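Presented below is the structure to which this report refers.
Residue numbers (mature numbering (1 follows the signal peptide of the UniProt record, and there is no 0)): -20 to -1, 1 to 721.
Encoded structure:
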């Protein structure tokens, strides 16, 4: 029994040790560093032994290749060592790595198989070097000095810098699915060999990167570390990146095989832009930029497309043509990569449009100018496009018809001579203006003659109202006759009669001079009947001129002729003369109406305004001040005329003033010497009428001088001599009726 008890105790302790070894936390199935006995761990580490999980995870470039050789060396470095003894018996065995054996196992021959791939990226090479350096004292990989470039890195160590891995989304599928021209290595495989992360990341079990599998008899990698940018001693945000220099040197682009289409295609453009933004233009063929489908001159972004002002009148086949020309094109981002955007193919659109493709308002004045400039800017650089007329530059400026407020013209007459159609010569502008001068000269001479031989005692004179109406009717009749003469000439049959008759009513007439000569008679009687006749006729004809003058002013305002719009015109001075003459005429006409209304209101006591209206008092005050100033001016003129009349002239019957002195419109009879107040009132009204008629005449002269020079060949009066004769006769007869009958 004494011998049996110790033996039994030994057997129990051996069994306990075996069970402890089997269930030990440091078995090959599971180990925990925390439960390793400190004394044992220190002793083992000091002897160059490590648990597999204490080894650094596999480098990225090794994990991306076939790791069988690497794992073989790792396995050969493993040994099942006894970590617990009881007397002479081992109570626990564990698999551990012998560091010296591991270091000696990675010979240059072994690394030579892995280094070409790891050597692509300087960061991957640096990670491999650090892994090997931690296992031993060797400062090289395959041969001495081959690791000098990775022993200390900086951000500048990346020769071409880096790019986010997301830029591959900008590459077309034809590129990302392609292979390197020489090595036939896939795009994504090369990209992976050059990839790294902002900081080192674990791809598996970070707490247990290695494990020895007894059932397989081999080491197994449970984790590997990604290459981290911190190897450069720099910092970037965490994410996936790749080394540009690594990729561009190890992926050879195939520019001969058109696997991304032909030049000008979208995928071809995406490929070229991606290569340029990633690797630079040195890897691209010459003139690669010429055929890019990028937004800009050749391809217009949808958001930047605009139509001309006459879009509403453009035919449907033109407006819908733009949809057939819509394509996808590249918009370069800040890095130079392609963002696909819808765009309009400029060349394709322009080949389907020209100036005559649109009509209507597209050929009228401002909209025509806008349409031509739109076409020019859009298509002028498209090769072989010739969609503008030869005189397109002239059409970009206002033409004579554009600056004329009416849409009809008097063109040259055509005649057939020996079977050939010829156009008659158009009378020069000087002759047109000269015809007006001839009518004026004859009228003046007739007035002077009548003034000298005037019959002082003509009985049964016609009333001034009848004479005024007769003079106006005579002038309108002459205009009508001349209109018919013009209409009868070939090519002018469509001229509107009323428009031309009323246009000629706006011609300047010497009514003011005829009335002035009446008041300046050196001897005899002042024939107020003649003055009132001329005034009456002039009022009718000036009122008829509104038909022409008002549309002219409205047209000028609508087209900005009064605010610098004429600076591009071919005849700016004549156009300005015409439109400013019309505006001056309207101002004088409005002034005359205002003065007459104010005079009647004062004379007949109509002096109450509707003061309850907003601004009525201010308007009343302003109009009253203006009327007072005009009254002072005309009174001053009347005083000068009164001194001329003093003691020279008698007034009786039809010789009464232009506006009667008494209320109710009654005519006052008597002599000018009969009362100073009556004489002053008559002189003021007479001077006012003459001044207003003179200003109207002056405005009409400016208007017609501008109109004749502006219209030129578009106002080509046929048989001008005959027309002048008709006007001259009408003027002579009117002068005689007003002064002598």
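Idealized CB from N, CA, C, for every residue including glycine.
Because the structure is a prediction, the values reported are computed rather than measured.
Asked                                                                                                                                                                 : Found
Just to check my reading of the structure: residue 416 and residue 488 have Cβ atoms closer than 8 Å, yes? What is that Cβ distance to the nearest angstrom?          : 7 Å
Can you give me the start and stop residues for the beta strand (DSSP E) that residue 560 sits inside?                                                                : Here residue 560 belongs to no beta strand (DSSP E); instead the alpha helix (DSSP H) covers 552 to 583.
With the cut-off set at 9 Å, would you say residue 191 and residue 32 are in Cβ contact?                                                                              : yes
Just the Cα atoms here: how many angstroms apart are residue 106 and residue 64?                                                                                      : 40 Å
CB residue 240 to CB residue 154, shorter than 9 Å?                                                                                                                   : yes
For residue 456, count the other beta carbons within 10 Å of its own beta carbon; 16 or more makes it buried, fewer makes it exposed. Which is it?                    : buried
Tell me residue 62's beta-bridge partners as DSSP assigns them.                                                                                                       : 73
Restricting to Cα atoms, I'd like to know which of 74, 44, 67, 66 is closest to residue 99.                                                                           : 44
May I ask you to list the residues that DSSP assigns as paired with residue 281?                                                                                      : 323
Which class does residue 380 belong to by DSSP, given the choice of helix, strand or coil?                                                                            : coil
Going by CA-CA distance only, name the one from 185, 189, 188, 151 that's closest to residue 171.                                                                     : 151
Can you tell me which of the three DSSP states residue 216 falls into?                                                                                                : coil
List the whole-angstrom C-beta distance separating residue 698 from residue 469, where the pair is believed to meet the contact cut-off of C-beta under 8 Å.          : 4 Å
Do you know offhand how far residue 461's Cα is from residue 303's?                                                                                                   : 58 Å
Short check: CB of residue 683 to CB of residue 529, under 9 Å?                                                                                                       : yes
Touch check for the stretch 263 to 270 and the stretch 290 to 302: three-plus C-beta pairs under 8 Å?                                                                 : no
Out of 322, 492, 293, which has the shortest C-alpha to C-alpha gap to residue 276?                                                                                   : 322
Taking only runs of the beta strand (DSSP E) that begin and end inside the stretch 191 to 257, which ones reach a length of at least 3 residues, in chain order?      : 198 to 201, 220 to 223
Which whole-angstrom value describes the C-beta separation of residue 143 and residue 222, a residue pair presumed to lie in contact below a C-beta threshold of 8 Å? : 6 Å
Determine whether the beta carbon atoms of residue 686 and residue 558 lie at a separation below 9 Å.                                                                 : yes
Sorted by chain position, which residues of the same chain lie with C-beta nearer than 6 Å to residue 426's C-beta, five sequence neighbours on each side aside?      : 712, 715
What does a CB cutoff of less than 8 Å around residue 412 pick up in its chain, not counting 5 residues either side in sequence?                                      : 688, 695, 697, 700
Given a cut-off of 9 Å on the beta-carbon distance, is the pair residue 345 and residue 539 in contact?                                                               : yes
Looking at residue 261 and residue 212, is the spacing between their C-beta atoms short of 9 Å?                                                                       : no
By DSSP, does residue 359 sit in helix, in strand, or in coil?                                                                                                        : helix
Check for me: the beta strand (DSSP E) holding residue 98 runs from which residue to which?                                                                           : Residue 98 -> not in any beta strand (DSSP E); alpha helix (DSSP H) instead, spanning 88 to 98.
Relative to the C-alpha of residue 97, which residue among 111, 61, 42 is closest?                                                                                    : 42
Leaving out the 5 sequence neighbours to the left and right, which residues in its chain are closer than 7 Å to residue 444 when beta-carbon positions are compared?  : 509, 512, 513, 516, 634
Is there contact between the stretch 355 to 366 and the stretch 303 to 322, where contact requires at least three CB pairs shorter than 8 Å?                          : no
Out of 148, 259, 249, state which residue places its alpha-carbon closest to the alpha-carbon of residue 273.                                                         : 249
If you draw a straight line from the alpha carbon of residue 450 to that of residue 527, how long is it in whole angstroms?                                           : 21 Å
In the DSSP assignment, the beta strand (DSSP E) including residue 310 goes from what residue to what residue?                                                        : 306 to 312
Mapping the DSSP letters down to three states, classify residue 633 as helix, strand or coil.                                                                         : The predicted model places residue 633 with a pLDDT of 41, which falls under 50 and marks its position as unreliable; any figure quoted below should be read in that light. Helix, per DSSP.
Excluding five sequence neighbours on each side, which residues of the same chain lie with their C-beta closer than 6 Å to the C-beta of residue 406?                 : 392, 693, 696
Quick one: residues in its chain with C-beta nearer than 6 Å to the C-beta of residue 167, no 5 flanking neighbours on either side, listed in chain order?            : 156, 158
Quickly, what does DSSP pair residue 338 with across the bridge? List them, please.                                                                                   : Answer is none; residue 338 lacks a bridge partner.
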